[in-house]
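All residue numbers for the sequence shown refer to numbering that gives the first Met the number 0, where the first residue is 0 and numbers rise by one.
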Amino acid sequence: MSLRTAVRTGLLALAAAAAAVALGPPRFTWENDGLRLQHPAPQGVAALLGAGALLAAALPLRSRALAALGLAAACGLALLGAQRFVWRVEAVEAGLHERTLSGWTRIAWSDVERLDSRPGAVVLRSRGGPTVTLATRGFGGEDRTRLERTIARRLKEASGAPGVR
0 MSLRTAVRTG LLALAAAAAA VALGPPRFTW ENDGLRLQHP APQGVAALLG
50 AGALLAAALP LRSRALAALG LAAACGLALL GAQRFVWRVE AVEAGLHERT
100 LSGWTRIAWS DVERLDSRPG AVVLRSRGGP TVTLATRGFG GEDRTRLERT
150 IARRLKEASG APGVR
């Protein structure tokens, strides 16, 4: 094996390991006013490191098709890194707030029309407004239960049900 091939193989292994770290679950933070979910900074850093490794492995390739594939994968990992740095969900008294690369989506608890709990996601639909889909793949069972209970409690409080507050 030539040195060039060994370096390229090492860069691809680094990119794969970094991608595995970047795909980890978010961190749950319990605060006085509610629950916050966000990805730890090392996940975003790992995704950007993996993108750099893929870029370094793809640039010297002679095959244009493989170089283009490597560049596309590097762009995908860079976008994942940006998403990991930006994404945040807050289930606070005012409502559910989700921040993504495209901006904030806010739904007041009183505006929630429907809550769907699916095997891989929790979906909140508002009356005539936005829909928030929270992917829950990779959440531990206890974390998913806490999220669902927090949302259910906030919805119950917003409905003005007796015995609440």
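No residue lacks a Cβ here, since even glycine has one placed at the ideal position from N, Cα and C.
Treat the numbers as computed from the prediction; the structure is a model and nothing was measured.
Check                                                                                                      : Outcome
Rounded separation between G159 and T144 - CA only                                                         : 23 Å
Outcome for P59 when other beta-carbon atoms lying within 10 angstroms are tallied against a minimum of 16 : exposed
Stretch-stretch touch, CB-based, cutoff 8 Å, three pairs: the stretch 46-57 with the stretch 8-15          : yes
Backbone CA spacing between P24 and H38 [nearest angstrom]                                                 : 7 Å
Per-residue burial, A67 [other beta carbons within 10 Å of its own, 16 or more giving buried]              : exposed
Expected contact under 8 Å - CB spacing of L154 and W103 to nearest Å                                      : So it is not a contact: roughly 20 Å between Cβ atoms.
Pairwise C-alpha distance: H96 and G137                                                                    : 21 Å
N-terminal and C-terminal residue of the alpha helix (DSSP H) that R145 is part of                         : G140 to S158
A64 versus L22: straight-line alpha-carbon distance, rounded                                               : 26 Å
Nearest neighbour of A131, chosen from E156, A56, L78 and V111 [CA to CA]                                  : As written in the sequence, residue 131 is Val, which differs from the Ala given in the question. Answer by Cα proximity: V111.
Cβ-based neighbour list, L105, same chain, cut-off 7 Å, excluding 5 preceding and 5 following              : Reading off the sequence shown, one finds Arg at residue 105, where the question assumed Leu. Answer for R105: G94 and H96, listed in chain order.
Bridge partners - H38, DSSP secondary structure assignment                                                 : For H38, which the question treats as bridged, DSSP gives no partner whatsoever.
Proximity of R83 and A46 at Cβ, strictly below 8 Å                                                         : yes
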